[in-house]
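Novice: Take a look at the following structure, please.
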Amino acid sequence: MPDAQPRYKRILLKLSGEAGVGGDGFGIDPVTLAAVADEIAQVTREGIQVCVVVGGGNIFRGAALAEAGMERASADYMGMLATVMNALALQAALEKIGVFTRVQSAIPMDAVCEPYIRRRALRHLEKGRVVIFAAGVGAPFFTTDSGAALRAAEMGCEALFKGTSVDGVYTADPKKDPDAKRYETLSYHEVLSQNLKVMDASAVSLMRENHIPIVVFNIRERGNLLKVLQGEGVFTTIA
887 MPDAQPRYKR ILLKLSGEAG VGGDGFGIDP VTLAAVADEI AQVTREGIQV
937 CVVVGGGNIF RGAALAEAGM ERASADYMGM LATVMNALAL QAALEKIGVF
987 TRVQSAIPMD AVCEPYIRRR ALRHLEKGRV VIFAAGVGAP FFTTDSGAAL
1037 RAAEMGCEAL FKGTSVDGVY TADPKKDPDA KRYETLSYHE VLSQNLKVMD
1087 ASAVSLMREN HIPIVVFNIR ERGNLLKVLQ GEGVFTTIA
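If you count the sequence shown from 1, position 64 lands on 950 in my numbering, and the numbers rise without skipping.
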């Protein structure tokens, strides 16, 4: 089979804490982490510039605690700290296999990572380093989806890849409904009007305003990120 050329030169990879590093949905699983690091490494070896945003739901869910009665702002800040832990874990996994990586946090914590500085992040990408953005947008009441959309726009990414545990967007949860149908393509308007749970509405709106497609695929399948980048495999494109 001839080599397919990747369709994008710079992407942002959005991972949920559970799908990205949590394995069983809680904590940090070294096997899952290593597999995700290997997916990213394959892509960077093709000369593609990659930045990453990881959620924190495998460690702490601010929204859940807020629903239980905690002040929302405090709960959200705790969730942001969980994303920093995941970012540092992913950085360690990537550097273990020789991928130079920088973590930038929207909440300054100089002892463990760089503060978020847009021009510095762009320079890292140009030098072939993976940049992991942690702590969302640095403010409560915004999800890591919104953080991913914002960073994708700021970094001039050509697409936002959302790695999940399913291979696209479906009419219903395919794990619960055997009759669920997968969408090949969707418009931003369809996602918003049908309230499809791809990303939160503010993130989808920001992607629409900046004309950045969202590609939803299964990060758990080995080698899938590179395949999808080459237009192969199974995925849903929102554009």
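From the three backbone atoms N, C-alpha and C, an ideal C-beta is built for every residue, glycine too.
1. Answer with buried or exposed for VAL998, where buried requires no fewer than 16 other C-beta atoms within 10 angstroms of its C-beta.
2. What's the C-alpha gap between ALA959 and ARG947?
3. Taking 7 Å as the limit between beta carbons, can you name the residues of its chain near LYS1113, skipping five residues before and five after?
4. For a test of the three-state rule: what should DSSP assign to ALA952, helix, strand or coil?
5. What is the residue span of the beta strand (DSSP E) that LEU1046 lies within?
6. Could you tell me the alpha carbon to alpha carbon distance between PHE1028 and PRO892, rounded to whole angstroms?
7. Provide the residue(s) that pair with LEU919 in DSSP beta bridges, ordered along the chain.
8. Beta carbon of THR930, beta carbon of VAL936: below 7 Å?
9. According to DSSP, simplified to helix, strand and coil, what is ILE945?
10. May I ask which residues mark the beginning and end of the beta strand (DSSP E) holding ALA997?
11. If you drop the 5 nearest sequence neighbours on each side, which residues of the same chain put their C-beta closer than 7 Å to that of ALA1144?
12. Can you say whether ARG1004 is buried or exposed, counting buried as having 16 or more other CB atoms within 10 angstroms of its CB?
13. If you measure between the beta carbons of LEU1008 and LEU898, is that distance less than 7 Å?
14. Are ILE1018 and GLN977 closer than 7 Å when you measure CB to CB?
15. Check whether the Cβ atoms of ALA1025 and LYS900 lie closer than 7 Å to each other.
16. Pick out the complete alpha helix (DSSP H) segments inside the region 1034 to 1118, 4 residues or longer, and give them in chain order.
17. In the DSSP assignment, the beta strand (DSSP E) including ARG988 goes from what residue to what residue?
18. Measure from the alpha carbon of GLY1042 to the alpha carbon of each residue in ALA1125, ASN1096 and TYR1074, then state which is nearest.
Specialist: Quick answer:
1. exposed
2. 12 Å
3. GLY1119
4. helix
5. 1045 to 1050
6. 32 Å
7. DSSP output for LEU919 lists no bridge partner at all.
8. yes
9. coil
10. Counting along the chain, ALA997 falls outside any beta strand (DSSP E), and DSSP gives it neither H nor E.
11. Since the first residue of the chain shown is 887 and the last is 1125, residue 1144 is not available in this structure.
12. exposed
13. no
14. yes
15. no
16. 1074 to 1079, 1087 to 1095 and 1110 to 1115
17. 987 to 991
18. ASN1096
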